[in-house]
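*Asks:* Structure incoming, see below.
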Amino acid sequence: MKTYGKGTQAVQGGYRPGSGQPRQVPIVQSTTFKYDTGEAMGRLFDLEDSGYFYTRLQNPTNDAVAAKIAELEGGTAAMLTSSGQAANLLAIFNIASAGDHVVSSSSIYGGTYNLFAVTMKKMGIDFTFVDPDASLEEIQAAIRPNTKAIFGETIANPALTVLDIEKFAKAAHDNGIPLIIDNTFATPVNCRPFEWGADIVTHSTTKYMDGHGAAVGGAIVDSGNFDWMAHAEKFPGLTTPDDSYHGITYAEKFGKEGAFITKATAQLMRDFGCIQSPQNAFYLNLGLESLHVRMPRHVENGQAVAEFLSRDPRVFEVFYSGLPEDRYYELGQKYLPNGGCGVVSFRLKGGRKAAEQFMGALKLAAIETHVADARTCVLHPASTTHRQMTEEELTAAGIYPDLVRFSCGLEDSKDLIADISQALDSIDASA
Ligand SMILES: *Cc1c(COP(=O)(O)O)cnc(C)c1O
142 MKTYGKGTQA
152 VQGGYRPGSG
162 QPRQVPIVQS
172 TTFKYDTGEA
182 MGRLFDLEDS
192 GYFYTRLQNP
202 TNDAVAAKIA
212 ELEGGTAAML
222 TSSGQAANLL
232 AIFNIASAGD
242 HVVSSSSIYG
252 GTYNLFAVTM
262 KKMGIDFTFV
272 DPDASLEEIQ
282 AAIRPNTKAI
292 FGETIANPAL
302 TVLDIEKFAK
312 AAHDNGIPLI
322 IDNTFATPVN
332 CRPFEWGADI
342 VTHSTTKYMD
352 GHGAAVGGAI
362 VDSGNFDWMA
372 HAEKFPGLTT
382 PDDSYHGITY
392 AEKFGKEGAF
402 ITKATAQLMR
412 DFGCIQSPQN
422 AFYLNLGLES
432 LHVRMPRHVE
442 NGQAVAEFLS
452 RDPRVFEVFY
462 SGLPEDRYYE
472 LGQKYLPNGG
482 CGVVSFRLKG
492 GRKAAEQFMG
502 ALKLAAIETH
512 VADARTCVLH
522 PASTTHRQMT
532 EEELTAAGIY
542 PDLVRFSCGL
552 EDSKDLIADI
562 SQALDSIDAS
572 A
């Protein structure tokens, strides 16, 4: 499906039924798989043959949907995880362990920040957070001999900073390490980070990919471009024998194209068990089938709402890379020529109290811990998703105490604007 357009990949990628087989991806609702001989199954355990033996590691439904996401991103291999959190945990832990270090953009999702700065730190992995607008020299200065990866988000949730992927990729490759990009908000419909030098892409498929608020999930995609063997001393997990699989060396046996995902499946999925349920993979696939149709509408609504907000005198500041006055307009034009996403962040002149009043007055937009959904939703990050962060950390991540994250769904933009307008009026009334 490589030569097809994104729409064709979104609809038909990953699964090619033979004659008489189900047209829709079958849900293989089975924990296990039957074999004729113990020897045949043994070969699977040694990674000598590929096949299924237990759904904690792999399942055919998941693999079909992961293959579609790999095609959409232009990668060579992919896997589904139980959530976006699990995707970022596994993507990093696959190449960094206790005593290692990772450089991350400071402008990232709050859950990822907590995963890195608190939980993975307890696992012995140290993170340095750099400004998303850091210069090449500043990124370089954060890199240590034990740094194993650089991490960032294409469009950060919720600050909506646009990452200069080429610059971060250069910093990574100058130091013989991969760039991992969380592409959740842009989706491959609006940006393919591999085309700009990223090596690994992660997703919270819970967001636009599912798009209907039906299934929590995640994905990891490998570009197949990073040469682990060329930097063998940095990545012993991929370049030296794995005793738990009779001494195979992933980078030798599966090459650049397959080593990363095979290791993450065979070791980390085996041991952590954060697999996506096949039922959820099926729901995710229904979402993927219309991703290329939905994203332009999310962008259209986001642009209309951002323009409306930017003209309203009660609004202090709007963050949306589609606005010419936005700080990330140029980077947006480069990396997101068809627009970024439907999420608009903004601050009201009345501060945090006005933000709370505004949200309470909305009728169509619902207050939810969710984003990137068919239904418009709204959230106050400082008191919810980013609650654990200090004022300084919030500011570094671009999350002001009065920031409102408004996720435009697929409704009619005139109705969303009318809702916003009446909610703004209601703050005035009570001020
Ligand atoms: C939501 C989100 C995550 C976490 O994903 P879950 O599916 O909620 O675990 C990670 N990264 C970004 C950018 C997100 O928006």
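Going by the working numbering, the sequence shown opens with residue 142, and the numbers climb by one from there.
Beta carbons are placed, not taken as given, at the ideal position from N, Cα and C, and that holds for glycine.
(1) So, at 6 Å on beta carbons, what are the nonlocal neighbours of Val-357 in its own chain, with the 5 sequence-adjacent residues on each side left out?
(2) Measure the C-alpha to C-alpha separation of Thr-302 and Ile-296 and round it to an integer number of angstroms.
(3) Leaving out five residues before and five after Asp-241 in sequence, what residues of the same chain have Cβ atoms less than 6 Å from its Cβ?
(4) Based on the DSSP output, what are the partners of Asp-351 in its beta bridges?
(5) If you pair each beta-carbon of the segment 445-465 with each one of the segment 540-556, do three or more pairs fall below 8 Å?
(6) Confirm the yes/no value for this check: CB of Gly-159, any heavy atom of ligand 1, distance under 7 Å.
(7) Roughly how many whole angstroms lie between the Cα atoms of Glu-307 and Asp-553?
(8) Enumerate, from N- to C-terminal direction, the unbroken beta strand (DSSP E) stretches of 3 or more residues contained entirely within the segment 522-560.
(9) To which residues of the same chain is Gly-414 closer than 6 Å at the C-beta, ignoring the five residues directly before and after it?
(10) Flag this pair as touching only if the segment 368-385 and the segment 201-215 have three or more C-beta atom pairs under 8 Å; answer yes or no.
(11) Go ahead and pull the three-state DSSP assignment for Ser-246.
(12) Suppose the cutoff is 7 Å on Cβ atoms and the five residues either side in sequence are ignored; what does the same chain contact list for Ile-540 look like?
(13) Measure the C-alpha to C-alpha separation of Leu-320 and Gly-155 and round it to an integer number of angstroms.
(14) Can you tell which of Ser-246, Gln-170, Asn-426, Ser-562 has the C-alpha that lies nearest to the C-alpha of Ser-276?
(15) For Ala-506 and Tyr-424, what's the separation of their Cα atoms in angstroms?
(16) Is Ala-564 near Phe-499, with beta carbons less than 8 Å apart?
(17) Have a look at Phe-367 and Ala-232 and give me their C-alpha separation to the nearest angstrom.
(18) Over what stretch of residues does the alpha helix (DSSP H) that includes Phe-401 continue unbroken?
(19) Jot down the residue ranges of each uninterrupted beta strand (DSSP E) in the segment 185-224, minimum 3 residues, whole runs only, in chain order.
(20) How is Leu-503 classed by DSSP in three states: helix, strand or coil?
(21) How would you call Lys-147, buried or exposed, if buried means at least 16 neighbouring beta carbons within 10 angstroms?
(22) Looking at the unbroken alpha helix (DSSP H) that takes in Ala-359, where does it start and where does it end?
(23) Can you tell me whether Leu-520 is helix, strand or coil according to DSSP?
(24) Please report the straight-line C-alpha distance between Thr-343 and Glu-189, rounded to a whole angstrom.
(25) Whole-angstrom Cβ separation of Gly-359 and Ala-227, contact assumed at under 8 Å?
(26) Between the Cα of Asn-421 and those of Pro-163, Tyr-145, Pro-167, spot the shortest distance and give me the residue it belongs to.
(27) Around the C-beta of Ser-462, are 16 or more other C-beta atoms found within 10 angstroms, so that it is buried, or is it exposed?
(28) Just verifying my parser: in three-state terms, what is the DSSP assignment at Lys-262?
(29) Just verifying my parser: in three-state terms, what is the DSSP assignment at Phe-487?
(30) Helix, strand or coil, according to DSSP, for Thr-325 in the structure here?
(31) Any idea what DSSP makes of Glu-294, helix, strand or coil?
(32) Express the C-alpha separation of Asn-235 and Ser-385 in angstroms, rounding to a whole number.
(33) Under the rule that 16 or more other beta-carbon atoms within 10 Å means buried, what is Tyr-391, buried or exposed?
(34) Which whole-angstrom value describes the C-beta separation of Ala-405 and Ile-361, a residue pair presumed to lie in contact below a C-beta threshold of 8 Å?
(35) Answer yes or no: do Gly-480 and Val-512 have a C-beta to C-beta separation smaller than 8 Å?
(36) According to the neighbour-count rule (16 or more other Cβ atoms, all chains shown, within 10 Å of its Cβ), is Pro-454 buried or exposed?
*Replies:* For this structure:
(1) Ser-224, Thr-347
(2) 6 Å
(3) Ile-266, Asn-287, Lys-289
(4) Asp-351 is not bridged to any residue.
(5) yes
(6) no
(7) 36 Å
(8) 544-548
(9) Arg-197
(10) no
(11) strand
(12) Pro-299, Ala-300, Pro-522, Ala-523, His-527
(13) 25 Å
(14) Ser-246
(15) 24 Å
(16) yes
(17) 14 Å
(18) 396-404
(19) 218-222
(20) coil
(21) buried
(22) Checking the sequence, you will find Gly at residue 359 rather than Ala. Where Gly-359 is concerned, there is no enclosing alpha helix (DSSP H), although the beta strand (DSSP E) it sits in stretches over 359-363.
(23) strand
(24) 27 Å
(25) 5 Å
(26) Pro-167
(27) buried
(28) helix
(29) strand
(30) coil
(31) strand
(32) 15 Å
(33) buried
(34) 6 Å
(35) no
(36) exposed
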